[in-house]
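Numbers 1 to 492, taken from UniProt numbering, label the letters of the first sequence in order.
In this text, a Cβ means the ideal position worked out from N, Cα and C, and glycines have one as well.
None of the values given here were measured: they were computed from a predicted structure.
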Amino acid sequence: MCEMLDSVVASSILEFLLRRSDFSTSLTGECLIALPVSFPLSSRLEASLLLRRLSADLSRRSISLSTLHTLEHLYRLQRFPSLLPAFASVAVECTVAPLRRRPFFSSSSNNDAEFFDAVNRIWNCKVSDIEQSEVSELVSPAMREARKEMEAAVVDPALREELVRRETKESALEAVMVFVEEAGKEMGPTFLEAAAEAVLGWEREDSRALSNLDRSLRALQGKIKTLHSYKFQPTENDAEMHRAPRKMNASGSKVLSDQGNLLDFLLLVYTKMGEPLTPAIDISDGSNKGFKLTGCSSRGDHGEDGMVDAEQDFCIDNPTTSRGKGGDDKNSNDEFRLEHSSPLPSDANATNNNDETDFSKKVSLSDEKPRCNFSDADTTTSLDGFKTKKRSLMDRNATASTYEWDSGETEFGQSLHRGKEMNKLRPGRSGEGLFCRRRRRIWNPHEEMTLRNAVVQYGAGNWKLIKASHSEIFSKRTEHDLKDKWRNMTKF
DNA sequence: CTAGGGTTAACT
DNA sequence: AGTTAACCCTAG
């Protein structure tokens, strides 16, 4: 009972977070992992996830096949009438986009080939599949019109030229934006908002009431970070650690239960609503609008596809580990504990350059072999002193890049290789430091999982974007590292 | 900025 | 000695 209630409460919170664009996507993703949401997700929560993904596409001004896919899944979950124009618009843009590309050494015939391929995949295969599925109405009259035009463009270069000039991307962005707004309305208020109105008589316009709710939720988000620290504590059993637990442990529950305001409020809601919600909330149709709350379960139906999709976005699958044993792994665990051991990690900028130093003070890394050729005492020697050592014939050439330093210990000297600018760009090196190879850091499961999800969300190749959108988690990784890691993860 | 090839260290 | 993950360099 209590567990079920936890799950319902967690779902309500998540739904609220997802529907509020002012809560960060990454943190909301963390919440999904940390909160005891039971799977399969409710269709409502799943729809909120997909809507959030569309919002992310909009904010990046990105229209891609993933957008189209998201729209289709959403429609399978809920028959939003306002989705149809967006679907058609996005399908057109996905088809026309290859024509606009002007790659370095690509002729227009390459673009044409990609266009033909897109027409085949989207308008031939995809649309046919949809027509034969239970969501055949997704192929609207507008879609049929567009299909004719796309097929005509395959044999008509002039029409292709015209399509390139048409602002299909703008239209698609606009259509998706309209849909996201409409969908928000069609889905009605989130459970928390509705419950607030119903139980406490809060008006949504009552800014004080809502800002209280906001404050509680923001505090909760902070606590969620702490929750993560509990979750990813290394355990004696390595396999145990790699299995991201879906249920929070006792400490986690305590953290949540400390969120008195919000949880008291939610409990009050559930206590008062042992039976279906009062008519003040439209609960008549749980699959579409409002909520159906019987007992403690507000879970609705779910589409299987959609669930898979939602998991891709905020995957909590078992992370695979590239290297599960040996000294390196221990090292990685220790580092991981550092990253999550402080109650509320400060922001990435504040911790980037110094936490490793702090770490070596706080946590004994006894089996970490020092790879720097100088002792600790050497690291405090003057520039001149350093240079003398560097020139030893026994030392390797600086350009061979064989020195590896623990960052934070190289506060001296100048780069013999590339200058400090380059080092500044590299996490885990000090800005003023000598050029040196960074200390080898084994990827921890959390990083791997984040990368996997980010690639699903943003696509492989958008390393800068991925790094930027998970700047805290990847604070010690360069875009390069992300690319290399992905290459390793996808080998064979 | 990214892809892809090269280098190095840490393993088996 | 061989293999591999992590790191580095550089062309486009």
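Smallest Cα separation from residue i: which of the options?
i, options, result
"residue 484", "456, 443, 457", "443"
"residue 450", "467, 116, 461", "467"
"residue 67", "137, 147, 140, 179", "179"
"residue 16", "152, 132, 191, 154", "191"
"residue 488", "448, 148, 453", "448"
"residue 140", "84, 477, 57", "84"
"residue 146", "87, 481, 469, 129", "87"
"residue 471", "486, 460, 454, 461", "454"
"residue 154", "133, 124, 143, 142", "124"
"residue 445", "473, 461, 456, 438", "473"
"residue 150", "133, 121, 14", "121"
"residue 78", "36, 184, 14", "184"
"residue 59", "482, 143, 469, 481", "469"
"residue 53", "456, 460, 486", "456"
Residue i and residue j: beta carbons closer than 8 Å?
i, j, result
"residue 55", "residue 11", "no"
"residue 70", "residue 45", "no"
"residue 119", "residue 168", "no"
"residue 82", "residue 186", "yes"
"residue 48", "residue 18", "yes"
"residue 491", "residue 441", "no"
Keeping to the same chain, check which residues put their C-beta closer than 6 Å to that of residue i; ignore five residues upstream and five downstream.
i, result
"residue 458", "465, 466"
"residue 65", "94"
"residue 129", "none"
"residue 20", "none"
"residue 156", "none"
Just checking my contact of residue i with residue j at CB under 8 Å: how many whole Å lie between their CB atoms?
i, j, result
"residue 75", "residue 135", "6 Å"
"residue 72", "residue 138", "7 Å"
Cutting at 7 Å between CB atoms, please list the residues of its own chain near residue i, excluding the five before and the five after it.
i, result
"residue 479", "463, 464, 467"
"residue 152", "159"
"residue 482", "451, 463, 466, 467, 474"
"residue 486", "451, 455, 460"
Apart from the five residues just before and just after residue i, which ones in its own chain have a Cβ nearer than 8 Å to its Cβ?
i, result
"residue 90", "63, 67, 68, 71, 172, 175, 176"
"residue 80", "74, 179, 182, 183, 186"
"residue 57", "63, 64, 66, 67, 70, 176"
"residue 142", "84, 85, 88"
"residue 502", "Past the edges of the chain, shown from 1 to 492, lies residue 502, and the structure says nothing about it."
"residue 131", "139"
Is the beta carbon of residue i within less than 7 Å of some heavy atom of the ligand NAP?
i, result
"residue 91", "In the structure shown, the ligand NAP is absent, as is every other ligand, since no ligand is present at all."
For this session: Determine contact between the segment 157 to 164 and the segment 174 to 193, defined as no fewer than three beta-carbon pairs at a distance below 8 Å.
Result: no
Exercise. When the Cβ atoms of the segment 93 to 100 are set against those of the segment 114 to 123, are three or more pairs found closer than 8 Å?
Worked result: yes
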